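Adding 5 to a residue's 1-based position in the sequence shown gives its number in the working numbering. Beneath this line is the structure, given in structure tokens, with notes to follow.
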Amino acid sequence: MRMSTLYHLLKGKKTSSVLTYGYFYDNLNYFNLLPKLKEKSYYNLIEKLIQKECLIEVEKGILGLSETGVRILGEKSFPTLSQLNQMEYYKYDMTFWEKIMFATQVISEKSYHEGKYIPIENNLFKQQQLKKWLKSQNETLPSQFYKEWEKILDFIPEDKQVLLLRQLVGHNHIGLTLNQIAIEKEQDYFYTYLEFKNCLHYFIQMIEEHLTEYPIFHELLALEKSLVKTDSSQVSNQLYRQYGSVSQVSQYRRLKESTVTDHLIESFLRQPSLSNLPKFNENTIAALEKLKLSQPDFRRWLFKDACMYEAELSFYDFKCYQFYLVEKEKLND
6 MRMSTLYHLL KGKKTSSVLT YGYFYDNLNY FNLLPKLKEK SYYNLIEKLI
56 QKECLIEVEK GILGLSETGV RILGEKSFPT LSQLNQMEYY KYDMTFWEKI
106 MFATQVISEK SYHEGKYIPI ENNLFKQQQL KKWLKSQNET LPSQFYKEWE
156 KILDFIPEDK QVLLLRQLVG HNHIGLTLNQ IAIEKEQDYF YTYLEFKNCL
206 HYFIQMIEEH LTEYPIFHEL LALEKSLVKT DSSQVSNQLY RQYGSVSQVS
256 QYRRLKESTV TDHLIESFLR QPSLSNLPKF NENTIAALEK LKLSQPDFRR
306 WLFKDACMYE AELSFYDFKC YQFYLVEKEK LND
């Protein structure tokens, strides 16, 4: 792994080089996982792992696991992260969870006809937003809301439900922080944080995939997503599908071609699949297959080397062909 790039990935630096690295080495799900990570803390931890001979520097700035590191990894237990999808949810997952917790508190107090309580949400705008939403609901809201909770929890293992339920606040009930839950479970905080994130992303995925089953949750999710600024990469991607040309999108949006290319790369990496790649012309295919013969490790290709085989090659086609090779590799695994 490249030390600097992994740091930027965990921090959420959204450049095509960082995102591509994450995709190539199957780390994209960790994008923006630690937005408050301090650079000094990160490198201090890396240095400690090197001193303990868990990591070795295989090239300048590039680390790999040592035999000791591999052995220790085999002895440790790790949280299941099969549902973790930071690229898809990082912009609103935590704020949505805060909205769910706040809604749960308000609906709980409402069901007990209690109007005097301290709201866990102190942002006035968010208080007013939820108040407006509540006014649009009918009298069956409390019972329907609890039913949705019951239904969705049926799909979450009991030992993971605690990660959500123990945080909730309600009538005469005080929730716990993640740190308190970690202490209660006798786990490291970071381990608990990863488990929670995985569980939360599954929670969101279930709501998005089964709208009719969770209409109230879906309304709250839609409310939160409405506050997220329109993603510029999505706009560029929609226009590219319409025009089929980076230069035309660049002219239309009055952006540099390199910026549009970054947008298109990001859009692909949100939903990577062969069907989301452009068609390659014969010259591109021939040139890059020749490059592959001389440099089989296509993840480490340099654009300047590829241009020696095809002078007219665009950077976008170059990156997409690398993505194509990754997706083909996945199919063969």
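Using N, Cα and C, we set each Cβ at its ideal position, and we do this for glycine too. Computed from a prediction, not measured in an experiment: that's the story for all the values here.
- Residue 69: member of the beta strand (DSSP E) spanning 67 to 70, first to last residue.
- For residue 171, the secondary structure class from DSSP, reduced to helix, strand or coil, is coil.
- By the Cβ criterion, the stretch 224 to 238 is not in contact with the stretch 288 to 296, since fewer than three pairs of Cβ atoms, one from each stretch, lie closer than 8 Å.
- Three or more beta-carbon pairs separated by less than 8 Å link the stretch 97 to 111 to the stretch 212 to 229, which places the two stretches in contact.
- Ranked by how close their Cα comes to the Cα of residue 332, the residues 42, 317, 303 have 303 in first place.
- The Cβ neighbour count for residue 338, taken over all protein chains shown within 10 Å, is under 16; the residue is labelled exposed.
- Scanning its chain for C-beta atoms nearer than 6 Å, with the 5 sequence neighbours on each side dropped, one finds around residue 33 the residues 27, 92, in chain order.
- For residue 233, no beta strand (DSSP E) encloses it, and the DSSP letter there is neither H nor E.
- Look at residue 282 here: in three-state DSSP terms it is coil, with no helix or strand label.
- In the DSSP assignment, residue 178 is bridged to 175.
- For residue 125, there is no enclosing alpha helix (DSSP H), since its DSSP letter is neither H nor E.
- When DSSP assignments are scanned along the stretch 218 to 273, the uninterrupted stretches of alpha helix (DSSP H) that are 4 or more residues long and fall wholly within it turn out to be 220 to 230, 237 to 248, 251 to 258.
- Taking residue 58 as reference, the option from 167, 48, 168, 69 with the minimal CA-CA separation is 69.
- CA-to-CA, the gap between residue 336 and residue 24 works out to about 21 Å.
- Where residue 146 is concerned, the enclosing alpha helix (DSSP H) starts and stops at 146 to 158.
- A contact is defined here as three or more CB-CB pairs under 8 Å, and the stretch 187 to 205 fails this definition with respect to the stretch 146 to 154.
- Comparing C-alpha distances from residue 99 to each of 327, 169, 194 shows the shortest one belongs to 169.
- Comparing alpha-carbon positions, the option among 284, 135, 8 lying closest to residue 125 turns out to be 135.
- Each residue's CA atom was taken as its position, placing residue 272 and residue 248 some 16 Å apart.
- In the structure shown, residue 64 adopts extended strand secondary structure according to DSSP, grouped into three states.
- By the CB criterion at 8 Å, residue 84 and residue 194 fall outside the cutoff.
- By the Cβ rule, the stretch 157 to 171 counts as touching the stretch 204 to 223, because three or more pairs are nearer than 8 Å.
- For residue 265 and residue 238, the gap between their C-alpha atoms comes out near 8 Å.
- The beta-bridge partner set that DSSP reports for residue 7 consists of 67.
- Put simply, the stretch 301 to 315 does not touch the stretch 268 to 285. Fewer than three CB pairs are less than 8 Å apart.
- Counting the other Cβ atoms within 10 Å of the Cβ of residue 109 gives 16 or more, which makes it buried.
- Residue burial annotation: residue 139 is exposed, with fewer than 16 other C-beta atoms found within 10 angstroms of its C-beta.
- Of the candidates 67, 86, 61, 61 places its Cα closest to the Cα of residue 74.
- Annotated as distal: residue 329 and residue 269, with beta-carbon spacing of 8 Å or more.
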